[in-house]
Amino acid sequence: MTDPTPRNIVIAGGGTAGWMAAAALARFCGPGWRITLVESEEIGTVGVGEATIPMIRLFNQALGIDEAEFLRETHGTWKLGIEFDGWGAPGERYMHAFGVVGRGLGLLPFHPYWLRARAAGRAGPLGNYVLNAVAAKANRFAHVERAADSALPAMPYAFHFDAGLYAAYLRRYAEARGVVRTEGRIEQVERDGENGDVGALVLASGVRVAGELFVDCSGFRGLLIEGALETGFEDWGHWLPCDSALAVPCERAEPLIPYTRATARAAGWQWRIPLQHRTGNGYVFSSAHIGEDEAAATLLANLDGAPQADPRLLKFRTGKRRKAWNRNVVALGLAAGFIEPLESTSIHLIQTGITRLLDFLPAGPVTDVERDAYNRLTDFEIERIRDFVILHYFANCRHDPFWKAQRGMRLPEKLNFRIDMFRSTGRIIRDQDELFDVPGWVQVMIGQGIVPERWHPLADTLDDTQLDQFLSTVAQAYQRDTARLPGHADYLARFCGAPSTLSQSSIA
Ligand code: FAD
């Protein structure tokens, strides 16, 4: 009897998505599987995904990647969170840091106590009570599982890295484990005349790459999922109106900060991502509100070092494929959809797409239930991330026409409910498995100026002195623990034997 399991998997595209998929499939599928990746050097990759969230570490760990080697190879740095500059109102800053806010007391999380103290004028900024935010602002970092000598929490972290180098690193990893790379431009996607499934990719050279299961990692083009299968796209441009980005690397500036900076601009925002060898910068903007030349001038006027290239324009459409898995094609990365990089979630979505693909790897011909389950879980995840990103735009106090327009948008129902709930009661209601947790929602709500005037009544059980003591104990402990940590650049140089540019102290 022939084995019906589709063991011949073809990946179309060799950007971050393609090589992450290839590496993971090579790691977890045994020798009985054939994994082929087709890519075209002539077409190239987007290559600007440089900031991540802490879950990337699980991916690297699952692959058995050594962190020091990874940071060395990708010229990476550590990331403790994102600083939002000018998002609530011009001149205001806050941080969405990874990890917990303060610490819980009794039945409650920290923020109801903070809200009560704030209303009485006795609390510092919320960031004073977030370990990662305190460490980030001091440019300090170390691997802290649990802050020494205290019951305080661990310091979760992610990475900034050069996306091109990460893909190259994963390519070496995947090829060493048997993935076959085929160079060439895909000119045609052949479909089975009977069942409509994709059967093979035909390259410009005439080479035909046949398979049973296809992973579309061809980027915004979506060669298989859209070009061949016409799956359809759900456009979210009315909620997230930025449709363009200009990206430019510049010389590395001191100090080497362990966080991403997102600065609001007249018609969007500018990212700043510190790497070992350079700083990545970009202006994400709405082309309806600013021209390319003016956006480029703004970007170039706001770099910390000399630009290393001309700004590169990327056009995008925010939204998702109606089905990420259609017939025998699973779309990953930009081929599956895109939410702008404000919360660094695209590479994470590739990672969870791969995890789901491994979960639902078919044991015979693909069934509708497997596809439906995959698509339902994918939609659940991306829609909640979308709402989290929309929150940053909607709740702003800026005066530019672009920002005023965002305040007037009609929100997705769930997000509207969350904002109402937080504004009126100080509670965050979230769906169990969604990506961003209560601390993330609280930091962004408050940072964007949604500050409830009420809080959970159990926060009133402390008297004023106890409340002051509780808050100052947390803030002082975080300051004390942070002061013991080494500087980010020094620790990085020690940890991964990084280039000589890292040896100088970068503590501000
Ligand atoms: P691509 O990089 O476009 O790769 C597509 C691949 O398909 C290439 O190898 C190409 O050669 C191949 N291909 C296409 N057509 C053909 C053909 N006809 N024949 C053969 N091969 C073909 N994500 C984050 O997580 N963090 C960030 O900070 C971040 N910043 C971003 C900033 C911007 C402005 C943009 C646009 C995206 C950002 N992203 C970020 C998203 C991130 O860049 C992508 O998720 C990631 O790079 C994955 O891209 P990809 O592999 O899907 O597509």
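Residue numbers for the sequence shown follow our numbering, beginning at 240 and rising by one. Every residue gets a Cβ at the ideal spot worked out from N, C-alpha and C, and that includes glycine.
Q. If you drop the 5 nearest sequence neighbours on each side, which residues of the same chain put their C-beta closer than 6 Å to that of residue 284?
A. 254
Q: Determine the burial state of residue 749: buried for a count of at least 16 other Cβ atoms within 10 Å of its Cβ, exposed for fewer.
A: Here the chain has residues from 240 to 747 only, and residue 749 is not among them.
Q.
Under 8 Å: do the region 317 to 334 and the region 424 to 443 share three or more Cβ pairs, one atom per stretch?
A. no
Q | residue 261, buried or exposed, once every other Cβ within 10 Å from all chains shown has been counted against 16 | A | buried
Q | Contact check, residue 250 vs residue 291, beta carbons under 8 Å | A | no
Q) Under three-state DSSP, which class holds residue 679? A) helix
Q. Any heavy atom of ligand 1 closer than 7 Å to the CB of residue 555?
A. yes
Q.
Let's test the definition: count the other Cβ atoms within 10 Å of the Cβ of residue 638 and tell me whether it reaches 16, buried, or not, exposed.
A. exposed
Q: Assuming residue 354 and residue 691 form a contact by the criterion Cβ under 8 Å, report the distance between their Cβ atoms to the nearest whole angstrom.
A: 6 Å
Q) Just to confirm, does residue 268 get its C-beta within under 7 Å of one of the non-hydrogen atoms of ligand 1? A) no
Q: Indicate, with yes or no, if ligand 1 has a heavy atom lying under 7 Å from the CB of residue 526.
A: no
Q | Selection from 510, 572, 696 that minimises the alpha carbon distance to residue 455 | A | 572
Q. Does the region 527 to 545 touch the region 439 to 449, meaning 3 or more C-beta pairs lie closer than 8 Å?
A. no
Q. Do residue 295 and residue 629 come within 8 Å of each other at the CB atom, strictly closer than that value?
A. no
Q) Grouping DSSP H, G and I as helix and E and B as strand, with all else coil, what is residue 510? A) strand
(Q) Is it buried or exposed, residue 559, if we count other Cβ atoms within 10 angstroms and call 16 or more buried? (A) buried
Q: Assuming residue 579 and residue 552 form a contact by the criterion Cβ under 8 Å, report the distance between their Cβ atoms to the nearest whole angstrom.
A: In fact, because the Cβ distance is near 15 Å, the residues do not count as touching under 8 Å.
Q: Name the residue from 475, 565, 709, 536 whose alpha carbon lies nearest to the alpha carbon of residue 465.
A: 565
Q: Report all residues from its chain with a CB closer than 6 Å to the CB of residue 222; omit the five preceding and five following residues, and keep chain order.
A: The question about residue 222 has no answer here: the residues shown for the chain are numbered 240 through 747.
Q | For residue 567 and residue 307, the rounded distance between their alpha carbons | A | 38 Å
(Q) I want to check one thing, is the minimum distance from the CB of residue 208 to the heavy atoms of ligand 1 below 7 Å? (A) Beyond the ends of the chain as shown, which are 240 and 747, falls residue 208; an answer cannot be given.
Q | Given residue 399 as reference, the closest of 510, 598, 647 once Cα atoms are compared | A | 510
Q. Can you round the beta-carbon distance between residue 493 and residue 547 to whole angstroms, since I take them to be within the 8 Å contact cut?
A. The Cβ separation is near 17 Å, so there is no contact.
Q: State buried or exposed for residue 219, treating a residue as buried only when at least 16 other CB atoms are found within 10 Å of its CB.
A: Given that the chain is displayed from residue 240 to residue 747, the structure contains no residue 219 and the question cannot be resolved.
Q | Reduced DSSP secondary structure (H/G/I, E/B, other) of residue 334 | A | strand
(Q) Judging by CA-CA distance, which residue of 319, 619, 244, 592 is the nearest neighbour of residue 369? (A) 319
Q: Ignore the nearest five residues each way along the sequence and tell me which others in residue 606's own chain have a CB closer than 8 Å to its CB.
A: none
Q. In this structure, what does DSSP give as the bridge partners for residue 273?
A. 247
Q) Contact check, residue 513 vs residue 538 under 8 Å by CB: the rounded distance? A) Contact doesn't hold; Cβ gap of about 17 Å is too wide.
Q: Apply the 10 Å Cβ neighbour rule to residue 411 and answer buried if 16 or more other Cβ atoms are within range, or exposed otherwise.
A: exposed
Q: Would you mind giving the Cβ-Cβ distance between residue 685 and residue 501, rounded to the nearest angstrom? I have them listed as a contact below 8 Å.
A: Their Cβ separation, rounded to whole angstroms, is 16 Å, which puts residue 685 and residue 501 out of contact at 8 Å.
Q: Could you say if the region 436 to 443 and the region 421 to 428 meet the contact criterion of at least three C-beta pairs nearer than 8 Å?
A: yes
(Q) Using a 10 Å radius around the Cβ and a threshold of 16 neighbouring Cβ atoms, would you call residue 497 buried or exposed? (A) buried
Q) Under 8 Å, do residue 397 and residue 323 count as touching if we go by C-beta distance? A) no
Q. Where does the unbroken beta strand (DSSP E) through residue 707 begin, and where does it stop?
A. Careful: residue 707 lies outside any beta strand (DSSP E), inside the alpha helix (DSSP H) at 703 to 722.
**Q.** Reduced DSSP category for residue 636 - H, G, I as helix; E, B as strand; rest coil
**A.** coil
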